[in-house]
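Sequential numbering of the sequence shown, starting at 1, is according to full-length UniProt numbering.
Backbone N, C-alpha and C fix where the C-beta goes; we use that ideal spot for every residue, glycine too.
Inspection log for the structure reproduced underneath, given as structure tokens.
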Amino acid sequence: MAIPERFSNLPDYAFPRLRKLLSGVQPGGEPMVMTIGEPRHAMPDFVASVMAENIGEFAKYPTNEGTVGLLEAIGGWIARRYGVEVTPDQIMALNGTREGLFNAALALCPETKNAQRPAVLMPNPFYQVYAVAAAAVQADPVYVAATTDTGNLPDYAALPTDLLDRTAIAYICSPANPQGAIASSDYLEQLLLLADKHDFLVFADECYSEIYRDAPPPGALAVATRLGLADRVLIFNSLSKRSNLPGLRSGFVAGSAANIAQIRKLRSFAGAPLSLPAQHISQAAWQDEDHVAASLALYQEKYAVADRVLGNVPGYRGPEGGFFLWLPVEDGEAAAMTLWREAGIQVLPGSYLSREVNGQNPGAGFIRVALVATADETEAALKRLKAVIYDKNKNE
């Protein structure tokens, strides 16, 4: 049986492409993997005890949308963080936000929009699940350049009116993966007003919201609520980055009760809820801020390291948030190959996170570098990177 064309035409995921690129190449130094966004800071110290206290609940089927305690804990965090009151029927626990970012499109994207094939907007470069979600609902994916010219955020308002009129969903990631740009309140306000004018939903991927340089990033739900447009947005967040628990696979989606009801309905047929012990751990994590503050301080230390090591590199921009560096190079694939062969440093070519549009791939001249190791390890690796990529080129 043939694979559906909408999926077979998708390029391979970024990491299999990287493995193929580096296959057979020996690292030219002690290997340092700086590709994947897997936090390595200590997870909260209460995880083991909460797991032990609730270990017997592996013998029970978990609640589909999340336990009352977990939903109330998430709601309490949203209220503290953004000043927005949400009720449990406005939240659903997720098996990692990737599930939610995908399934929300399945649940909420119409088959047609204004008697036309719907469009799904996404920044370019972007988190790859956005494109797969668009393919799954048979919508037209529209890759909108997010470059230094646009503040590393997509300028959706510049799109043609006829395209906006058939748009069903617009994804936005803030802090952005990979560039680390933060959408201001003004940016979010204009996007939400655009969504209201053209009748589409905004899916706000806020997974990196608790990792930032100076001030906490604004939240899309808070801006939408202030505008009276809470039904236009869904926010997605997780414990992977905030609490250094990527293996827990725990997150949430929040929005209007009507939109959440549709996502819950899909989950009841086809979803995979979190185990009850995982939900209890998640509840404890959303209720605690001490471990979040400690982790944030470590990331801010690494921002300072990156600025110190790379600050004089032409085109260097330290991230406003998140834990990736988006570094300018002549060719991302060539730079990734050189770094692995000559320094043993593994980075991700920016083109693997982007799509070519009109002959241009906005990620082709960049590499993504994850700041997930310790500050000392990060400094040593960045010095090696600078020597191989920037200082060598300067001396040639």
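Residue burial classification, residue i (beta-carbon count within 10 angstroms, cutoff 16)
| i | result |
| --- | --- |
| R384 | buried |
| P31 | exposed |
| R19 | exposed |
| Y13 | exposed |
| P314 | exposed |
| Q279 | buried |
| F15 | exposed |
| A157 | exposed |
| L38 | The sequence given here has Glu at residue 38, not Leu. Counting Cβ neighbours within 10 Å, E38 comes out exposed, since fewer than 16 surround it. |
| P125 | buried |
| P160 | exposed |
| N312 | exposed |
| R98 | buried |
| P175 | buried |
| Y208 | buried |
| S23 | exposed |
Residue j beta carbon less than 8 Å from that of residue i
| i | j | result |
| --- | --- | --- |
| C109 | V137 | yes |
| P349 | A370 | no |
| Y212 | E320 | yes |
| A257 | Q26 | no |
| R267 | E65 | yes |
| Y351 | E333 | The identity of residue 351 in the sequence shown is Ser, whereas the question assumes Tyr. Against a cut-off of 8 Å, the Cβ pair of E333 and S351 comes out as a contact. |
| S295 | N244 | yes |
| I281 | M34 | no |
| A104 | I263 | yes |
| I389 | L339 | yes |
| N154 | S185 | What sits at residue 154 in the sequence shown is Pro, not Asn. It is not a contact, given that the beta carbons lie outside the stated cut-off. |
| V142 | L163 | yes |
| I172 | A183 | yes |
| A220 | A204 | yes |
| L274 | S240 | no |
| P88 | A285 | no |
| A230 | A224 | yes |
Residue i - DSSP class collapsed to helix/strand/coil
| i | result |
| --- | --- |
| T112 | coil |
| I345 | strand |
| L121 | strand |
| D45 | coil |
| T161 | helix |
| I36 | coil |
| T87 | coil |
| T167 | strand |
| F15 | helix |
| V144 | strand |
| L10 | coil |
| F323 | coil |
| L153 | coil |
| L229 | coil |
| A136 | helix |
| A79 | helix |
Kindly provide the ranges of any alpha helix (DSSP H) runs that are 4 or more residues long and lie completely inside the region 174-212, ordered along the chain.
185-198
Touching by the beta-carbon criterion (3+ pairs, under 8 Å), the region 278-294 and the region 228-236:
no
Given 8 Å, three or more beta-carbon pairs between the region 289-309 and the region 110-124
no
Kindly provide the ranges of any alpha helix (DSSP H) runs that are 4 or more residues long and lie completely inside the region 231-308, ordered along the chain.
239-242, 257-270, 276-287
Is the number of C-beta pairs between the region 322-341 and the region 361-370 that are closer than 8 Å three or more?
yes
Complete alpha helix (DSSP H) runs within the region 356-393 (minimum length 4 residues, chain order)
375-385
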